[in-house]
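To get this note's numbering, take the position in the sequence shown, counting from 1, and add 871.
From the three backbone atoms N, C-alpha and C, an ideal C-beta is built for every residue, glycine too.
A quick write-up on the structure given underneath.
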Amino acid sequence: MTYLSLKECCLDLERNGMLIRLKEPLDPNLIIPEIHRRVYASKGPALFFENIIGTKFPAVSNLFGTTQRSEYLFKDVLKKLEWLIQIKMDPMQLVKSPIQSLKNSSFLISALPKKLNKNTLNQNCLILDLPHIKSWPLDGGSFVTLPQVISFPPDQMNPKMANVGMYRIQLDGNEYKQNEEIGLHYQLHRGIGIHHLEYLRRNKDFRISIGIGGPPANTLASIFPLPEGLSEILFTGLLNNRRYHYSVSDGNFIPQDVDFCITGLVNTKTLKSEGPFGDHLGYYSLAHPFPFLEQVKVYHKKDAIWQFTVVGRPPQEDSSFGHLIHQMVSSLTSFEFPGIKQLHAVDAAGVHPLLLAVGSERYMPFRSRKPEEILTSANLLLGKGQTSLAKYLFIAAEEANGTLDVKNIPSFFNYILERIDWRFDLHFYTNTTIDTLDYSGSDWNAGSKVVIACNRDKLRELDRDLTKFQNLPDSFSNVRLIQNGIVAIQGPGFESYRQSENQLKELIDYLTPERFQNFPLIVICDDSNFLASDFSNFIWTTFTRSNPSHDIYGVQSKVQFKHWSCGHSLIIDARTKQHHAPVLEPDPDAVKKVDDIVFKNPVLKKIIQ
């Protein structure tokens, strides 16, 4: 839907019963985020906070809190984007369907930015005046969680050359000078990081602008995985079906449809500690040296609304971004990744730790089945764009009957485990880079990956008989069934990899093929009851707390010609290690205060069951 502003969007949602207003004074330090999490978990409405302690500005969250509401926000543009994708895949559609092309020509024109001669964000305030929302007890300060960070190459301010990314912003805490400096979190391989290096080489001032709020299209475009060379500013116009307005003030690019714009100079030569921050994997990302912004200035509208979200163990509000992106570009999967038929970055595992795929397998069709073409496809997935961040990639060959569905995760695991041959189907990438937010690796931004590739006929019937696990080695206990063929076993507290290898050797010797050949996946964990209580707990724990090269073991394992393999059972050690980041847990006092707030507020009480 075309919105002129965030305010217009909020009013539309309110008219349609999808937004509620909270009028009582509420603390942005832990209390508002706890309310948000509970309303989100209840699939509740967007939340408009009218009276935030410490600021004159209202704030809104949970706009994207359900997939239905997210689709509503973009319902008018989805079909037009589908047409645009068809054109990308087959440009001859312009000739084949000229009438349809003419009808959609205004849609393409809407992508063109429009420069205004005046800055309509003509109010100013200090960083201290903004809503300082702190989501988790160990956060290093308050953060902007839905920023639109805009940067340009040196000597450029053409919107077509802009990079817009959602790089988190720390407003206070650590060593930042209050009202003068704020923290930036980005890596040098990102679009803004490439600009950073260009400014560093030329010894020029690196100005950036940070938009907050505006129509929902501004937010979604900032996180969209666009092809190289396509500006997010152009894409914002497409998503909102309206030209992107901007101005230039004091040498700064100022987006005109947002509610706030923070400008300043990136210190390209000095770093300051940023974080910790409770992140979307369900753990804190720890404090590390990152660039920061100085000479900060804040512009805002007269009736500005602060937009924010709360991240944490998925699913959270930002999970809807993945849903929308899939809705908009799913037909492009085979175009961008030839041979890939289905793709699913698993939200329950924090997206990047676990990627599921189905691919075509056309190599030598008259021989016995084994992974061949899907290995080529796996290399492409791990070498391109966002999918390159995957840590575990399970890929299966497409079946003729089309029954495989990567969105049905338990069924997909069942299919893989009935057919996988651990002697041949594991392929490791060691001593490589992994997602910066994933602390399961051997160092920050360092770890390993594994491809589990399956193209075989059925090899086994998966077992569920837990009586076979009697008389476990002394260090292990409480065997719980996750689903047929997958069990969780509670292990001792992890102390070191050397000690772990000795402990697991006892378990490996115990897992004889005669009794356990139909249990192909065993997870060692701190709390097997937790894993077995919900399939998403198994997914989250297993794939966020393990580093494939260090934490995968196997019965009858061996290395032959550099290839690691094992026999009937693969073991993943998903216990918490000393180098792992802390798990996100709400503050107990904040929980009690919100209990009281909900009890006294009949609207919240009705939503939060």
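Quiz item: Does DSSP classify F1148 as helix, strand or coil?
Solution: On the sequence shown, position 277 is the one that residue 1148 refers to. F1148 falls in the strand class under three-state DSSP.
Quiz item: In its own chain, which residues sit with a C-beta less than 6 Å from the C-beta of L1246, not counting the 5 before and 5 after it?
Solution: Position 375 of the sequence shown, counted from the first residue, corresponds to residue 1246. So the list reads A1324, once near-sequence residues are dropped.
Quiz prompt | Residue interval of the beta strand (DSSP E) (run including Y1300) | solution = Along the sequence shown, read from residue 1 onward, the residue named residue 1300 stands at position 429. Start and end: L1297 to T1304.
Self-check item: Span separating the alpha-carbon of L1042 from that of L897
Solution: Here residue 1042 refers to the residue found at position 171 of the sequence shown. Here residue 897 refers to the residue found at position 26 of the sequence shown. Roughly 19 Å between the two C-alpha positions.
Practice problem: Would you kindly check if the distance between the Cβ of L983 and the Cβ of R1114 is under 8 Å? | Solution: Position 243 of the sequence shown, counted from the first residue, corresponds to residue 1114. Position 112 of the sequence shown, counted from the first residue, corresponds to residue 983. Closer than 8 Å, so yes.
Exercise. Using 10 angstroms around the beta-carbon of E1188, count the other beta-carbons present and answer buried if the total reaches 16, otherwise exposed.
Key: Here residue 1188 is taken as the residue at index 317 of the sequence shown, counted from 1. By the neighbour-count rule (16 or more Cβ atoms within 10 Å), E1188 is buried.
Quiz item: Do you know offhand how far Y1454's Cα is from A1317's?
Solution: Residue numbering aside, residue 1454 sits at position 583 when the sequence shown is read from its first letter. Residue numbering aside, residue 1317 sits at position 446 when the sequence shown is read from its first letter. The question names Tyr, but residue 1454 in the sequence shown is Val. The alpha-carbon atoms of V1454 and A1317 are separated by roughly 20 Å.
Exercise. Output the residue ranges of the alpha helix (DSSP H) runs that lie fully inside the stretch 1164 to 1235 and measure 4 residues or longer, sorted by chain position.
Key: 1190 to 1200 and 1204 to 1207
Practice problem: Go through its chain and collect everything with a Cβ distance to S1260's Cβ below 6 Å, but skip five positions before and after it. | Solution: Indexing the sequence shown from 1 puts residue 1260 at position 389. Here residue 1260 turns out to be Leu, not Ser, going by the sequence shown. These residues qualify, in order along the chain: H1223 and D1306.
Quiz prompt | Host alpha helix (DSSP H) of T1016 (start-end) | solution = Within the sequence shown, numbered from 1, the residue matching residue 1016 stands at position 145. Careful: T1016 lies outside any alpha helix (DSSP H) and carries neither H nor E.
Exercise. Counting only runs of 3+ residues fully inside the stretch 1081 to 1161, write out the beta strand (DSSP E) ranges in chain order.
Key: 1116 to 1120, 1123 to 1126, 1131 to 1137, 1143 to 1145 and 1159 to 1161
Quiz item: Which partner residues does R1078 have in the DSSP bridge list?
Solution: As a first step, residue 1078 is located in the sequence shown; it is residue number 207 there, counting from the start. Looking at the DSSP assignment, R1078 forms a beta bridge with L1136.
Quiz item: Secondary structure at W1411, three-state DSSP: helix, strand or coil?
Solution: Counted from its first residue, the sequence shown places residue 1411 at position 540. Reduced to three states, the DSSP call for W1411 is helix.
Quiz item: Alpha carbon to alpha carbon, how far is G1362 from G1438?
Solution: For the purposes of this step, residue 1362 is identified with residue 491 of the sequence shown, where counting begins at 1. For the purposes of this step, residue 1438 is identified with residue 567 of the sequence shown, where counting begins at 1. So the alpha carbons of these two residues sit roughly 21 Å apart.
Quiz item: Just the Cα atoms here: how many angstroms apart are S1420 and G1193?
Solution: Position 549 of the sequence shown, counted from the first residue, corresponds to residue 1420. Position 322 of the sequence shown, counted from the first residue, corresponds to residue 1193. Roughly 28 Å separates the two Cα atoms.
Quiz item: On the three-state DSSP scale, how would you describe L1252?
Solution: Along the sequence shown, read from residue 1 onward, the residue named residue 1252 stands at position 381. Reduced to three states, the DSSP call for L1252 is helix.
Quiz prompt | Per DSSP, cross-strand counterpart(s) of K1005 | solution = Walking along the sequence shown from the start, residue 1005 turns up at place 134. Answer by DSSP bridge pairing, in chain order: N900.
Quiz item: Could you give the distance in angstroms between the alpha-carbon of Y1047 and the alpha-carbon of S1436?
Solution: To locate residue 1047, count along the sequence shown from 1; it is residue 176. To locate residue 1436, count along the sequence shown from 1; it is residue 565. Those two C-alpha atoms are separated by around 50 Å.
Quiz prompt | G1051 classed as buried or exposed, judged by whether at least 16 other C-beta atoms fall within 10 angstroms | solution = Taking the sequence shown and counting its residues from 1, the one referred to as residue 1051 is at position 180. What sits at residue 1051 in the sequence shown is Glu, not Gly. Exposed, because fewer than 16 other Cβ atoms sit within 10 Å of the Cβ of E1051.
Exercise. Can you tell me which of W1411, H1067, F919 and L1352 puts its alpha carbon nearest to the alpha carbon of Y1154?
Key: Residue mapping note: residue 1154 aligns to position 283 of the sequence shown, counting from 1. If we check each option's Cα against that of Y1154, W1411 comes out closest.
Exercise. Please confirm whether D1334 and F1390 have their CB atoms less than 8 Å apart.
Key: One-based indexing of the sequence shown puts residue 1334 at position 463. One-based indexing of the sequence shown puts residue 1390 at position 519. Yes. Within cutoff.
Self-check item: Element boundaries [alpha helix (DSSP H), containing Q1354]
Solution: If you number the sequence shown from 1, residue 1354 lands on position 483. Note, Q1354: premise wrong, no alpha helix (DSSP H); beta strand (DSSP E) at S1348 to Q1354.
Quiz item: Under the three-state reduction of DSSP, which class applies to L999: helix, strand or coil?
Solution: Taking the first residue of the sequence shown as position 1, residue 999 is located at position 128. In this structure, L999 counts as helix in the three-state DSSP scheme.
Quiz item: How big is the Cα-Cα spacing for K959 and E905?
Solution: Sequence index remark: in the sequence shown, residue 959 carries index 88 (1-based). Sequence index remark: in the sequence shown, residue 905 carries index 34 (1-based). Confidence at K959 is low in this model, with a pLDDT of 46, below 50, so its placement is unreliable and the value that follows should be read with caution. Their Cα atoms are separated by approximately 43 Å.
Quiz item: If we ignore side chains and look at the alpha-carbon of each, how far apart do I1393 and I1357 end up?
Solution: As a working mapping, residue 1393 is identified with position 522 in the sequence shown. As a working mapping, residue 1357 is identified with position 486 in the sequence shown. Roughly 6 Å between the two C-alpha positions.
Exercise. Please check the pair G1036 and V1015, which I expect to be a contact at CB under 8 Å, by giving their CB distance rounded to whole angstroms.
Key: Mapped onto the sequence shown, residue 1036 falls at position 165. Mapped onto the sequence shown, residue 1015 falls at position 144. Their Cβ separation, rounded to whole angstroms, is 13 Å, which puts G1036 and V1015 out of contact at 8 Å.
Quiz prompt | Alpha-carbon spacing of V1474 relative to A1175, whole angstroms | solution = Locating residue 1474 in the sequence shown gives position 603, counting from the first residue. Locating residue 1175 in the sequence shown gives position 304, counting from the first residue. Their Cα atoms are separated by approximately 25 Å.
Quiz item: With a CB to CB cut of under 6 Å and the five nearest residues on each side skipped, what residues in its chain are close to H1451?
Solution: For the purposes of this step, residue 1451 is identified with residue 580 of the sequence shown, where counting begins at 1. So the list reads Y1310, once near-sequence residues are dropped.
Quiz prompt | Short Cβ contact (8 Å threshold) for L1017 with T1090 | solution = Along the sequence shown, read from residue 1 onward, the residue named residue 1017 stands at position 146. Along the sequence shown, read from residue 1 onward, the residue named residue 1090 stands at position 219. Yes. Within cutoff.
Quiz prompt | 7 Å Cβ shell around L1142 - same chain, five flanking residues per side excluded | solution = As a first step, residue 1142 must be located in the sequence shown, where it is residue number 271. Cβ within range, chain order: P1160, F1161 and P1162.
Quiz item: Going by beta carbon distance, what residues of the same chain come within less than 6 Å of I924, once the five residues before and after it are set aside?
Solution: Numbered from its first residue, the sequence shown carries residue 924 at position 53. Here the set comprises P896 and D898.
Quiz item: To which residues of the same chain is T1304 closer than 7 Å at the C-beta, ignoring the five residues directly before and after it?
Solution: Taking the sequence shown and counting its residues from 1, one reaches residue 1304 at position 433. Excluding sequence neighbours, T1304 sits near N1316 and A1317.
Quiz item: From N1034 to H1056, what distance separates their C-alpha atoms?
Solution: On the sequence shown, position 163 is the one that residue 1034 refers to. On the sequence shown, position 185 is the one that residue 1056 refers to. Near 15 Å, if we compare the C-alpha coordinates of H1056 and N1034.
Quiz item: Whose C-beta lies closer than 7 Å to the C-beta of D1460 among residues of the same chain, with five residues either side of it excluded?
Solution: The residue you call residue 1460 lines up with position 589 of the sequence shown. The answer is none, since no qualifying residue turns up.
Exercise. Give the DSSP-derived three-state secondary structure of N1373 in the structure shown.
Key: Along the sequence shown, one-based indexing puts residue 1373 at 502. It is helical.
Quiz item: Are the beta-carbon atoms of S1440 and V1426 separated by less than 8 Å?
Solution: Position 569 of the sequence shown holds residue 1440. Position 555 of the sequence shown holds residue 1426. Contact: yes.
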